[in-house]
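Heads up: the sequence shown begins at 16 in this note's numbering, then just goes up one per residue. Just so you know, even glycine gets a beta-carbon here, dropped at the ideal spot from N, CA and C. All values derive from a computational prediction rather than experimental measurement. The structure appears below as structure tokens.
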Amino acid sequence: MKRKDLLGLMQPSAEEIDEILSLGLGMKERLKKNDKSLDVLAGRSAVTLFYENSTRTRCSFELAAKFLGAKVVNISAAASSVRKGETLVDTGKTLDAMKNDFLILRHPMGGAAQLLARTVTAHVVNAGDGMNEHPTQALLDMLTMRENFGKIAGLKVAILGDILHSRVAKSNLYGLKKLGAEVSMFAPATLMPGGLERMGAKVCRSREEAVEGADVVMGLRIQLERQKSGNFPSLGEYARYYGVNEDVMKYAKPGALIMHPGPVNRGVELTCGLIDGDRSRIGDQVLSGVAVRMAVLSLLGKEE
Ligand code: CP
């Protein structure tokens, strides 16, 4: 992969995505054997700069960088000079002046990672920018699928939930289509953005239509922090009329996998039985997250 930054999955080619997944699978094998000490990034540094809350993404980037031998500093915007009015660009320049090598950014504004990448010399990795993209989440989802099925091409992936606000849905759609998967999507009309067909999705009119024949059923979190009121009556009614339950799963292929990027609103996007059941890969996705982030950081830092 010959690029300075990873800002989304719209730009990278299928070959670049494939390279990340192949390396990520190798990293995951090492992690499963508790082999967590590589020196690929020895002598380098990474800063995680998070303007939004996170458990999985932030912690797995930190662990990934540490397992590769880098020194890591975590900055939460709430406890930084951002609270004194410092701009994103000035914060980036400040960190650049410290000779930092990787800047991992989560920000509520779509395009924030692009803006930062243009401004700093450090490698920028987008850890989620508003409603735009969350590339490493989609990469870890694809890594989990490839590990389970041995391929991505030809898989049918159903994505259901708050697609309107979801950067995960967009990054998965870009990546999965490039690698030859079919992607069907379903949400209440108020949570379904326009233009998805042009991006290659099959937009469905019911949960059952979306899930029909699926190899993977992915629930997306209802993003309560980004909702305007009135998108759906209540969480209970969302679960009843739009959530994925055991009856809806009867339309999927036997043994179809259940996935969710987390954090899950239990019993809303998916029933607790599906979240905790044999077909769930939600826990395994988290390990894929460390592995794929190790792959991304290794590949971005390779040229130096
Ligand atoms: N999936 C995801 O981005 O989770 P966090 O918000 O916990 O990082």
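Query	Result
Heavy atom of the ligand CP within 6 Å of ARG71 beta-carbon	yes
Beta carbon of VAL301 nearer than 7 Å to that of ARG73	no
Counterpart residues of PHE117 in DSSP-defined beta bridges	ALA61 and HIS138
Exposure of MET309, with buried meaning 16 or more beta-carbon neighbours within 10 Å	buried
Straight-line Cα distance separating GLU224 from LEU179	19 Å
GLN129: CB within 6 Å of a non-hydrogen atom of the ligand CP	no
As assigned by DSSP and simplified to three states, the class of ASP144	strand
Rounded C-alpha distance that separates LEU53 from ILE119	20 Å
Range covered by the alpha helix (DSSP H) that runs through SER199	It is not in any alpha helix (DSSP H) - SER199 instead sits in the beta strand (DSSP E) that spans 197-201.
The region 276-296 / the region 254-263 touching (three or more Cβ pairs under 8 Å)	yes
Beta-carbon gap between ASP111 and ALA137 smaller than 7 Å	yes
Own chain partners of GLY39 with C-beta closer than 6 Å, once the 5 adjacent residues on each side are dropped	LEU158, ALA306, VAL307 and ALA310
Beta-carbon proximity check, VAL226 vs TYR253, cutoff 7 Å	no
7 Å Cβ cutoff met for MET233 and MET274	yes
Alpha-carbon spacing of SER186 relative to LYS114, whole angstroms	30 Å
At least three beta-carbon pairs within less than 8 Å, the region 188-206 to the region 25-42	yes
Buried versus exposed call for THR102 [16 or more other C-beta atoms within 10 Å across all chains shown]	exposed
Collapsed DSSP secondary structure at LEU83 in the structure displayed	coil
Host beta strand (DSSP E) of ILE167 (start-end)	That residue, ILE167, is in no beta strand (DSSP E); it is neither H nor E in DSSP.
Opening and closing residue of the beta strand (DSSP E) in which ILE35 lies	That residue, ILE35, is in no beta strand (DSSP E); its alpha helix (DSSP H) goes 29-47.
Residues that GLY234 bridges to, as DSSP identifies them	LEU175
Backbone secondary structure at LEU312 - three-state DSSP	helix
Nearest-angstrom Cβ-Cβ length linking PHE117 and VAL97, presumed shorter than 8 Å	Not quite, the Cβ-Cβ distance comes to about 19 Å (not below 8 Å), so this is no contact.
Same chain, Cβ closer than 7 Å to CYS219, five either side skipped, listed in chain order	SER199, MET200, PHE201 and ALA225
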